[in-house]
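Enquirer: Below you'll find the structure I mean.
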Amino acid sequence: MTRPLALHPDRLFPADPTVRAIARSLYERVKDLPIVSPHGHTDPSWFAGNEPFSDPASLLIVPDHYVFRMLYSQGIPLEKLGVPTVDGSPTSTDSRGIWKIFAENYHLFRGTPSRMWLDWVFAEVFKLDVILEPETADLYYDTIDAALKTDAFRPRALFERYNIEVIATTESPLDPLEHHKAIRESGWSGRVVTAYRPDPVVDPEARAFAANVRRFCETAGEDASSYAGYLAAHRFHRARFREAGATSTDHGHPSSLTADLSPDEAAALYARVLDAPTAAEAELFRAQILTEMAGMSVEDGMVMQLHPAVHRNHNEVVLARFGRDKGGDIPTAGEFVRALKPLLDRYGNDPRLTLILFTLDEDVYSRELAPLAGHYPSLRLGPPWWFHDSPEGMRRFRERATETGGFYNTVGFNDDTRAFLSIPARHDVARRMDCVWLAQLVAEHRLPEDEAHDVARALAYDLVKAAYKL
Amino acid sequence: MTRPLALHPDRLFPADPTVRAIARSLYERVKDLPIVSPHGHTDPSWFAGNEPFSDPASLLIVPDHYVFRMLYSQGIPLEKLGVPTVDGSPTSTDSRGIWKIFAENYHLFRGTPSRMWLDWVFAEVFKLDVILEPETADLYYDTIDAALKTDAFRPRALFERYNIEVIATTESPLDPLEHHKAIRESGWSGRVVTAYRPDPVVDPEARAFAANVRRFCETAGEDASSYAGYLAAHRFHRARFREAGATSTDHGHPSSLTADLSPDEAAALYARVLDAPTAAEAELFRAQILTEMAGMSVEDGMVMQLHPAVHRNHNEVVLARFGRDKGGDIPTAGEFVRALKPLLDRYGNDPRLTLILFTLDEDVYSRELAPLAGHYPSLRLGPPWWFHDSPEGMRRFRERATETGGFYNTVGFNDDTRAFLSIPARHDVARRMDCVWLAQLVAEHRLPEDEAHDVARALAYDLVKAAYKL
Amino acid sequence: MTRPLALHPDRLFPADPTVRAIARSLYERVKDLPIVSPHGHTDPSWFAGNEPFSDPASLLIVPDHYVFRMLYSQGIPLEKLGVPTVDGSPTSTDSRGIWKIFAENYHLFRGTPSRMWLDWVFAEVFKLDVILEPETADLYYDTIDAALKTDAFRPRALFERYNIEVIATTESPLDPLEHHKAIRESGWSGRVVTAYRPDPVVDPEARAFAANVRRFCETAGEDASSYAGYLAAHRFHRARFREAGATSTDHGHPSSLTADLSPDEAAALYARVLDAPTAAEAELFRAQILTEMAGMSVEDGMVMQLHPAVHRNHNEVVLARFGRDKGGDIPTAGEFVRALKPLLDRYGNDPRLTLILFTLDEDVYSRELAPLAGHYPSLRLGPPWWFHDSPEGMRRFRERATETGGFYNTVGFNDDTRAFLSIPARHDVARRMDCVWLAQLVAEHRLPEDEAHDVARALAYDLVKAAYKL
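Top line first, the protein sequences correspond to chains A, B and C. Each step along the first sequence adds one to the number in my numbering, with nothing skipped, and position 211 is 211. The number in my numbering is simply the position in the second sequence, starting from 1, with 1000 added. The number in my numbering is simply the position in the third sequence, starting from 1, with 2000 added.
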């Protein structure tokens, strides 16, 4: 016997009828605003080629580390889930079989945002009206598989149906950006922009760093052997990215450390990191480049994002067999006050800089980030990130950041995802949770209702456009 | 004038009628499930000898550091509370007098879990119907004292009345386990098992460590002078504990640090810690043994528990006069991501290992523990521990751990207590708070109600039995 | 079209009608209790001279770093807000112009406690009945300006209208306390006491430290070249402060570190810090003096307060141009367990010591502070401090500190402010939020309602008087 799947119109709203009514009224006016997605990891080739997605598992399970890491945590081998191996040794290619394993273990996602996003995709996009479980696995598979073969489920059609005003992808400076070029030249009206993510040429501990830097400088026509050439190559590629629509840069560093070395020190450090840097030298180089990037942002107006403090690829066994980004990235404690000081001493009061800070260490919301953003003109707080891109994560962010940082030092929502299908679901969760927070302020007579409507709109639409200059 | 004591049937449920009704309905189906207590500190001699408990103060105040530390924090000397001194210098033996001090200060426990547990014991076990205060101190004393003299209040009778399916105690490898043997041979049907807590032979900073290790090896018939002999002694005693019903080991370490030394390094380190180790050597040895214990768990199937990051016996004056475990243990910041890596690199992907992690640093729930447990097949999250074994502590645990770790990487409830009388009260608080959390998810349309019933049962009963192999 | 400004009588109370009714009933009995303000930064010259406040901007904006830092964070130069420069270079003196900028940006304070405090001042003190916005800026300015010219708005009249039983200011030992003397000799009945804040002569990294110490010893008639003389000077000035009503000392340190050096070590360290101390020596000296201060508190009964872990004047550009206390103080992570041990080993069990701990790192509420205060007789927890002096900050404090520390190891509320006008609003927020917390406990059957009334009164009035010996 199947069980009905229905998205409740009041989902995520508190049970209290007073608060719920206010939340509903706030949400009513923001729910249909266009989606502005300033930071994410969708693949621009989808929109360039507009090819249909191949099959349910390849679309919804194999590439989604939120999904397969949870299954793996309960003992299901990644091979059975079709996750490709580094050496090409076989893993499942049986899309329907993978789907069945997923259906058998769908209970593992109870209480997680993945469940909420997936149910939205099933109900709203594929019009399924029963809950996923072993009994309905085939129905699901067949329904989704059939839909994906139709034009209405090609990337561009979904983009339009999803009411996306603009979406940013993220590329390495080594990327030729040919998909973005193809999109622009195709005549399609969808706005897909890139973002400058220079980690492969900034992090001396990145794989093939020196070779990356060489190629990075060569394509820019600059001299890789000098720090001046290296910096000029950044300027070249930043300009190239801006031509492809980029308004922002993004930096994923192991820590928030910044530095402000003298030109000579920086040049000497550059020479060392190209060779065989110590961990400390690598850290200092990353720190120095953050400050250089801030300086270039002051020049060229690109908004800077900092995503620090993740221990990437913590699981060596999984890394060796399956490669990077397999659900084994684990947050570590963050520190911003001392770490950012060199950069802030140099550029923190410059109105031309916007530096958006993210964290996975929630304790710093109230301790460090809100006080910093509530003072420095250059700083803004990014939305709850990654593991906190969830109802409770969003609630804690507003509870802990608002009183000191205010609403207007935040920048709306980022979906930060490669799971294209669920993008509207993610924005919807953010809009709902922001309305819940505002409704609570209104119900407790902490904010007049008319002002709450203004804020709801700002959080859903205005702030992100302004902060990211989109 | 006395005031009535009555346990409200809806206690701990939110005031909101919608959420309360759902919580009540979830709780209704789990409240009478048997108690599975996989980790605690009850004294097996109680169940072996089945002697009556002596008097109210000796049962409920003198041994309960939650109770006497709060009184001490407000200036009441421990001597007046009957806490025994190390050197045998006199402390109060006036049970009724101690009880009166307790009654006069019962207001200090307002808002604490101790108040809730104690009121449950008073109302439910001793059928008292007025609140404890100076005016009712004698009534309380007389009622409890009289009850304790009856057979219905002997340990085994309470065990049965409490519907305990199985309870684990915790013993050192130096313990002969004769009480467990006596229980098994007595023909009594109650299931009391031990757990292997090797800290006295693992922590080089423990009192009499070298002597402990000698005795540990001797009783195992192994050579204490070699690391191989030491490890073999662990295997011997682990097997001995398994015969006494143990399914788990427990490790209380100052940090979560693990190490994976080469056999030669480990052997050399062992030699040093038997002599006069530095603090760093002691820490490294504890770290190495955690990994050895994980390896043995892979072999013998014992579930491993890690309780890290407490500064034990922080108060030197109290330690010198009254000894260990006198309410002066204070948590410190925890770190798991780097600390566990050596162990996880070696055994983290092995499906035969279950490592249950506890913390007193709530910030790591969302930052480190949920991401780790939501990825590694070997890891599970223990319930909120010690200071967090409380309504708000439990609420924060579910709020912060569920979205990333899910429900199924948690392992139900531990009472972790020596306060035998209140064990059902503690499990009841956990069941209520889990139902409250689930009810909120249901009321906010984040989880269908039928699935919430499944989860409530899993949290109250199924998960703990599975995780601990009980 | 203007919008009405009205303070809702149920503001801050939860929407749930059951909880709200209980909160209202608890609040009803505490709302009119006199204000006891044991720690703050009002200027004693106000009460000594009783001169009228000059104008709206100088009273409410220019000196309030909560207000101008938020405006600055959104790009408004401090010069335009009339914040004086260090070198006397010009900033706006146009009070009405500053007020207009404030009105234009009043939306930035949505969701912040400043909004709540300011609205209370506008509505309750100045009887304004429309919301501040550009259209009402002149009305506001004229109303406030006119009121300030009347006797009813002079400092002493406000003090009396505010029902302040006693207020403490904070002075350096270098302060002659002549304003306090003038107040006492004036015959006015208002009780204004000082508090001993010796940071300028304790922190070797403070500006002009050596000169401060010289003057500190000279005014005490002690020998600045010897540590004994320095300590004697503390005793002298502490006694002088007690004569001016002080019952407490206050210590704002970069960390909680304490030390317990031998007299010789301490004397040698003193000699070094007077010269050119290293950072480590400065830190150790501050640590040692905390323990010395605890010892003096044992002697003279002064209550000791520790406000640690703020990176002061983080923004170098703002510091250089506008000086200290300009909204650029940023919290850092706190640690108390190891840091306080030397002091606690020496004096922690002495019933004559009261040491009140504050933190800006909320994570330590449950991890360190509540366990410490729930054990040591000398320790108490200060209320949520600074950035946490807010509805959500107060909620988190009670949620995280109560279960382990109880209510009676806390000390009521501190407004800690120089914003005299809003003092009642701040105490009112604290009383309301404490009543909300208690109402929730009552509604969830965790505390009988009659006991909640007792606790509400203790939190609003009794505990602060007892803890601070006022």
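Here a beta-carbon is modelled for each residue, glycine too, at the ideal position from N, C-alpha and C.
Using beta carbons (cut-off 8 Å, strictly below), is phenylalanine 387 of chain A in contact with chain C?
Expert: no
Enquirer: Give me the chain C residues within the contact set of serine 1390 of chain B, using Cβ-Cβ distance strictly less than 7 Å, ordered along the chain.
Expert: Glu2403
Enquirer: Quick one, which residues of the segment 2099-2113 of chain C are near chain A if we go by CB-CB under 8 Å, in chain order?
Expert: His2107, Leu2108, Phe2109, Arg2110, Gly2111, Thr2112, Pro2113
Enquirer: Counting only beta-carbon separations shorter than 8 Å, does asparagine 1315 of chain B have a partner in chain C?
Expert: yes
Enquirer: With a 10 Å radius around its C-beta and 16 neighbouring C-beta atoms as the bar for buried, classify valine 1086 of chain B as buried or exposed.
Expert: exposed
Enquirer: For isoleucine 2076 of chain C, tell me which candidate among A:Ser378, A:Ala439, A:Ala425, A:Phe420 has the shortest Cα-Cα distance.
Expert: Measuring from the Cα of isoleucine 2076 of chain C, the nearest candidate turns out to be A:Ser378.
Enquirer: Which runs of the beta strand (DSSP E), 3 residues or longer, sit entirely within the segment 324-375 of chain A?
Expert: For the segment 324-375 of chain A, the continuous beta strand (DSSP E) assignments of 3+ residues that do not extend past its boundaries occur at 355-357, in sequence order.
Enquirer: Note down, one range per segment and in chain order, each alpha helix (DSSP H) of at least 4 residues found wholly within the segment 1007-1083 of chain B.
Expert: 1017-1030, 1044-1049, 1056-1060, 1065-1073
Enquirer: Between the alpha carbons of arginine 1395 of chain B and valine 201 of chain A, how many angstroms are there, rounded?
Expert: 44 Å
Enquirer: Runs of 4 residues minimum, wholly inside the segment 2284-2325 of chain C: which ones carry the alpha helix (DSSP H) assignment?
Expert: Listed in chain order, they are 2316-2322.
Enquirer: Using only CA atoms, which one of C:Pro2052, C:Phe2407, C:Arg2346 lies nearest to leucine 2148 of chain C?
Expert: C:Pro2052
Enquirer: Beta carbon of histidine 314 of chain A, beta carbon of valine 1337 of chain B: below 8 Å?
Expert: In this structure, histidine 314 of chain A sits near valine 1337 of chain B, with a CB-CB distance shorter than 8 Å.
Enquirer: Closest by CA to alanine 1123 of chain B, which one among B:Leu1447, B:Arg1380, B:Val1455, B:Pro1424?
Expert: B:Pro1424
Enquirer: What does aspartate 2300 of chain C reach in chain A if we use C-beta pairs closer than 9 Å?
Expert: The premise fails here: aspartate 2300 of chain C is roughly 34 Å from chain A at the closest Cβ pair, so nothing lies under 9 Å.
Enquirer: Are alanine 259 of chain A and alanine 287 of chain A close, meaning C-beta to C-beta below 8 Å?
Expert: yes
Enquirer: Closer than 6 Å by C-beta to threonine 1169 of chain B: which residues in its own chain qualify, once you throw out the five before and the five after it? Chain order, please.
Expert: Closer than 6 Å at Cβ, skipping near neighbours: Thr1042, Pro1044, Thr1194.
Enquirer: Tell me, please, whether the CB atom of glycine 40 of chain A is closer than 8 Å to any CB atom in chain C?
Expert: No, no contact with chain C.
Enquirer: Could you check whether the Cβ of proline 331 of chain A sits closer than 8 Å to any Cβ belonging to chain B?
Expert: Closer than 8 Å: yes.
Enquirer: Consult DSSP for serine 2248 of chain C and reduce its assignment to one of helix, strand or coil.
Expert: strand
Enquirer: So valine 2201 of chain C is in the alpha helix (DSSP H); what residue range does that whole segment cover?
Expert: Judged by DSSP secondary structure, valine 2201 of chain C falls within the alpha helix (DSSP H) whose first and last residues are 2199-2202.
Enquirer: I believe proline 1038 of chain B touches asparagine 1414 of chain B by the beta-carbon criterion, under 8 Å. Please report the beta-carbon distance rounded to the nearest angstrom.
Expert: About 6 Å; that satisfies the 8 Å criterion.
Enquirer: Output needed for proline 1277 of chain B: all residues of its chain with C-beta closer than 6 Å, excluding positions within five of it in sequence on either side, in chain order.
Expert: Here the set comprises Pro1204.
Enquirer: Could you tell me whether the Cβ of histidine 2427 of chain C comes closer than 8 Å to any Cβ of chain A?
Expert: no
Enquirer: Within the chosen definition, does the segment 2131-2150 of chain C reach the segment 2159-2173 of chain C through at least 3 CB pairs nearer than 8 Å?
Expert: no
Enquirer: Which class does isoleucine 2167 of chain C belong to by DSSP, given the choice of helix, strand or coil?
Expert: strand
Enquirer: Identify each residue in the segment 2011-2042 of chain C for which the Cβ-Cβ distance to at least one residue of chain B is less than 7 Å, and report them in chain order.
Expert: Per Cβ criterion, the list reads Asp2016, Thr2018, Val2019.
Enquirer: What would DSSP say about threonine 410 of chain A, mapped onto helix, strand or coil?
Expert: strand
Enquirer: From what residue to what residue does the beta strand (DSSP E) around leucine 2379 of chain C run?
Expert: 2379-2381
Enquirer: For histidine 253 of chain A, name the three-state secondary structure that DSSP assigns.
Expert: strand
Enquirer: Along the chain, where does the alpha helix (DSSP H) that runs through proline 384 of chain A open and close?
Expert: Boundaries for proline 384 of chain A: no alpha helix (DSSP H) harbours it, and the DSSP string shows neither H nor E there.
Enquirer: Put tyrosine 1196 of chain B into one of helix, strand or coil per three-state DSSP.
Expert: strand
Enquirer: Quick check: the Cα distance between serine 89 of chain A and aspartate 2361 of chain C, rounded to an integer number of angstroms?
Expert: 49 Å
Enquirer: Buried or exposed: where does lysine 341 of chain A fall if 16 or more other Cβ atoms within 10 Å of its Cβ makes it buried?
Expert: buried
Enquirer: Below 8 Å between beta carbons: does that hold for leucine 1343 of chain B and leucine 1290 of chain B?
Expert: yes
Enquirer: Nearest chain C C-beta to arginine 446 of chain A closer than 8 Å, yes or no?
Expert: yes
Enquirer: Between which two residues does the alpha helix (DSSP H) harbouring valine 2442 of chain C extend?
Expert: 2423-2443
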